[in-house]
Amino acid sequence: MSKSKKKLSKKDFHPNILCFCCNWCSYAGADLAGVSRFQYPPTIRIVRVMCSGRVDPAFILEAFKDGIDGVIVTGCHIGDCHYLKGNEFARDRFERFQEVLKIFNLDKRFRLEWVSASEGKRFAEVITEFTNKIKKLGPLFAT
Amino acid sequence: MNFIVEIERSKKAKLEADDFDSYLRKIYEPDLTNLLKKCYQCARCSGVCQISKVQKFTPSRIIQMILEGFEDEIINSQVLWDCLMCNSCLQHCPKDINFADIVRIARYKMRVKDIQNPDRSIAHKGIYPLMSEMMSQDNMEIERPLDWIPKSCTTSDKGNILYYVGCLPFFNYEFEDSLSIAESTLKIICQLEKDPVVVLKDEICCGHDLYWGQAKFESFIELAKKNIKRFEETGATTIVTACAECYRTFKIDYPTLFEDFKKKFEVKHIIEYIFDKWKQGKVQFKNPNKSHEVIPFTYHDPCRLSRFLPKDNKIIEEVREIFNNLKIIGYNFKEMEHNKENSYCCGVNSWMNCNERSKALRYKRLLEAKAVGTKMITSCPKCRMHLNCLKKDYDNFSSIEILDFSEFLVDLIKIIEPNQTIEEN
Numbered sequence: 001m002s003k004s005k006k007k008l009s010k011k012d013f014h015p016n017i018l019c020f021c022c023n024w025c026s027y028a029g030a031d032l033a034g035v036s037r038f039q040y041p042p043t044i045r046i047v048r049v050m051c052s053g054r055v056d057p058a059f060i061l062e063a064f065k066d067g068i069d070g071v072i073v074t075g076c077h078i079g080d081c082h083y084l085k086g087n088e089f090a091r092d093r094f095e096r097f098q099e100v101l102k103i104f105n106l107d108k109r110f111r112l113e114w115v116s117a118s119e120g121k122r123f124a125e126v127i128t129e130f131t132n133k134i135k136k137l138g139p140l141f142a143t
Numbered sequence: 144m145n146f147i148v149e150i151e152r153s154k155k156a157k158l159e160a161d162d163f164d165s166y167l168r169k170i171y172e173p174d175l176t177n178l179l180k181k182c183y184q185c186a187r188c189s190g191v192c193q194i195s196k197v198q199k200f201t202p203s204r205i206i207q208m209i210l211e212g213f214e215d216e217i218i219n220s221q222v223l224w225d226c227l228m229c230n231s232c233l234q235h236c237p238k239d240i241n242f243a244d245i246v247r248i249a250r251y252k253m254r255v256k257d258i259q260n261p262d263r264s265i266a267h268k269g270i271y272p273l274m275s276e277m278m279s280q281d282n283m284e285i286e287r288p289l290d291w292i293p294k295s296c297t298t299s300d301k302g303n304i305l306y307y308v309g310c311l312p313f314f315n316y317e318f319e320d321s322l323s324i325a326e327s328t329l330k331i332i333c334q335l336e337k338d339p340v341v342v343l344k345d346e347i348c349c350g351h352d353l354y355w356g357q358a359k360f361e362s363f364i365e366l367a368k369k370n371i372k373r374f375e376e377t378g379a380t381t382i383v384t385a386c387a388e389c390y391r392t393f394k395i396d397y398p399t400l401f402e403d404f405k406k407k408f409e410v411k412h413i414i415e416y417i418f419d420k421w422k423q424g425k426v427q428f429k430n431p432n433k434s435h436e437v438i439p440f441t442y443h444d445p446c447r448l449s450r451f452l453p454k455d456n457k458i459i460e461e462v463r464e465i466f467n468n469l470k471i472i473g474y475n476f477k478e479m480e481h482n483k484e485n486s487y488c489c490g491v492n493s494w495m496n497c498n499e500r501s502k503a504l505r506y507k508r509l510l511e512a513k514a515v516g517t518k519m520i521t522s523c524p525k526c527r528m529h530l531n532c533l534k535k536d537y538d539n540f541s542s543i544e545i546l547d548f549s550e551f552l553v554d555l556i557k558i559i560e561p562n563q564t565i566e567e568n
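Protein chains in written order, with this note's numbering: chain A, 1 to 143; chain B, 144 to 568.
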């Protein structure tokens, strides 16, 4: 995290993005992106969780507190959840959590996306797009 | 060149560390035995402690072990994370030993020296203390929504009287209508004040939960510094708050850190504020419904307004004086079985220990309330939230309505306009 603090100029700013992937869809999607050699920027650190419903808002705040520049949570499409309703819980929870993120001015640095196991290309696209967005916003704790 | 920069940087870091140490010394006493010497093992604390009835947690035994030199064992056993910090023990202690203070200091030791992780006893995955910690960071910009302010109120950035909202907008994401406390409080203050009331858009946490819960004194000191600086900028002299925890923090913990805080600001809880105005004859109570039905209600004393305040400053009798006066307008005040300083704790303090043991405490409390009335008033937003949370789980409590003090009074208050026109004529 300290690396991002030192590199202050916007041009060579290399964001650190935390990515939560659900075991059944998005992680397989990320795998497929790797196997099919779709290019995407090496900015993300993937954390595998069993379901997107496992991700607690506290994890996201903690990540921001420790200096991560952006957080993305990915899960199965609505209706496809391995545990039937996990991603619906995640959706409802993060919709409400946006209120809190807005108070901290962090709402643009967080995203919830649905990526299925067959959408390797989409995974790469989402990561590229989000990285560009974070690059535009700049580092979180710029001094 | 780099060498010089590095020296300067290390000097600055050293200065900062010294600064922190000077503040830490005021709220942290490394030798616990100094604070406990007076104990003569009457074990009243263990008798009154609610946790000791369901778990291996006996305050008198802990005290004796520390006195006999087994402090490390107490710290290693992690048992002090389970304390509810309700301070019932202080109320019954003949020697005035402040056990909650000892737990707070021990928790700092447990966290910093023993590197313990209190995760198992933190409620809601610790999201609210995390928010407070985020606010203590230097570069964090806070922008609170102000759309809850009622249209009839005028607010500004600078003025004489400041309403400190507290964490209510943050609670709103998990607990429904917690902002209605803020709304009704501001309505009351606005009616009584001629000048616009200060409501800050970039208000930060008072740090209470970090101070008592996980003993993160570093962030607490940062928050206190930032808060005082921001209050000074507004030019306010009176701070009104509707939160019992904020009140205790401003009244006692900030002045121990910064001696001049007491001179600069006068801190008032909304109960004190309404009581003073009532005594001055500016406020009357009136029932808008005009029905002859008598409504029985009761009051739950939050620990921060009763047991945690010095003996002559407790906000206990003021509330009862107001409530007894409401009998004329059809509200009949009744005491619960445990009341005033002896009232039961709501079970959760600083987002620690929301488990089956503390839920049992809340269940007991609601049973007591159900026996005497249909409305339960409290003056701590967190007590209201925790009790409401349990109420939802049990059908037999559906008859009780749990309200905050300001929510209850906002419809009953009638402001008497100062008759200036007569004087002018």
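Ideal Cβ placement from N, Cα and C applies to all residues, glycine included.
- Closest option to GLY309/B, judged by alpha-carbon separation, among ASN303/B, SER321/B, PHE476/B and VAL515/B: SER321/B.
- GLY29/A is classed as buried because its beta carbon has at least 16 other beta carbons within 10 Å across all chains shown.
- Scanning chain A for C-beta atoms nearer than 8 Å to the C-beta of LEU273/B yields ALA58, LEU61, GLU62 and LYS65, reported in chain order.
- Boundaries of the beta strand (DSSP E) harbouring VAL73/A: 70-75, taken from the DSSP string.
- GLU402/B and ILE471/B have their alpha carbons spaced roughly 44 Å apart.
- Under the 8 Å criterion on CB atoms, ARG287/B is classed as interfacial with respect to chain A.
- Unbroken beta strand (DSSP E) stretches of 3 residues or longer found wholly inside the stretch 401-449 of chain B: 409-412, 426-428 and 438-443, given in chain order.
- Here TYR306/B is buried. Its C-beta has 16 or more other C-beta atoms within 10 Å.
- GLU214/B carries a helical assignment under DSSP once its states are collapsed to helix, strand and coil.
- Counting C-beta atoms within 10 angstroms of its own C-beta, PHE146/B has fewer than 16 neighbours from the protein chains shown and is therefore classed as exposed.
- For LYS507/B, the enclosing alpha helix (DSSP H) stretches over residues 499-515.
- The Cβ atoms of ILE438/B and ASN475/B lie closer than 8 Å to each other.
- In the three-state reduction of the DSSP assignment, TRP355/B falls in the helix class.
- Proximity of GLU99/A to chain B, defined by a Cβ-Cβ separation below 8 Å, is satisfied.
- Within the same chain, GLY120 come within 6 Å of SER36/A by CB-CB distance, once the 5 residues on both sides are set aside.
- Proximity of chain B to ASN105/A at the Cβ level (cut-off 7 Å) is accounted for by GLU284 and GLU286, in chain order.
- Between ILE556/B and ARG527/B, the C-beta spacing is not below 8 Å.
- Neighbours of ARG96/A in chain B, taken as residues at a C-beta separation under 8 Å, are given in chain order as TYR316 and GLU317.
- Counting only Cβ-Cβ distances below 9 Å, PHE141/A has contacts in chain B at GLN280, ASP281, ASN282 and MET283, in chain order.
- Of the candidates CYS51/A, PRO57/A and PHE38/A, the residue whose Cα lies closest to the Cα of ARG93/A is PRO57/A.
- Taking 8 Å as the upper bound for CB-CB distance, THR128/A and PRO41/A are in contact here, some 6 Å apart.
- Per the coordinates, the alpha-carbon of GLN98/A lies some 6 Å from the alpha-carbon of ASP107/A.
- A contact is defined here as three or more CB-CB pairs under 8 Å, and the stretch 342-354 of chain B meets this definition with respect to the stretch 385-405 of chain B.
- Residues of chain A whose Cβ lies closer than 8 Å to the Cβ of PHE313/B are, in chain order, VAL100 and ILE103.
- The C-alpha of GLU172/B lies about 7 Å from the C-alpha of ILE248/B.
- In the DSSP assignment, PHE97/A is bridged to no other residue.
- Contact check for SER449/B against LYS502/B fails: the beta carbons are separated by 8 Å or more.
- Excluding five sequence positions before and after PRO312/B, the CB atoms of its chain that fall closer than 7 Å to its own CB belong to ARG287, PRO288 and LEU322, given in chain order.
- CYS349/B sits close to LEU366/B, with the two beta carbons spaced by under 8 Å.
- The residues GLU284, ILE285, GLU286, ARG287 and ARG373, in chain order, have a CB closer than 8 Å to that of ASP345/B in the same chain once the five nearest residues on each side in sequence are set aside.
- As DSSP reads the structure, LYS557/B sits in a beta bridge with GLN427/B.
- Annotation for TRP291/B: PRO312, LEU322, ALA325 and GLU326 place their beta carbon closer than 8 Å to its own, counting only its chain and skipping 5 residues before and after.
- Per DSSP, the continuous alpha helix (DSSP H) segment holding CYS389/B begins and ends at 387-391.
- Using a Cβ-Cβ cut-off of 8 Å, LYS268/B counts as an interface residue toward chain A, since at least one Cβ of chain A sits closer than that to its own.
- VAL383/B is the residue among LYS368/B, ILE240/B and VAL383/B whose C-alpha sits nearest the C-alpha of LEU335/B.
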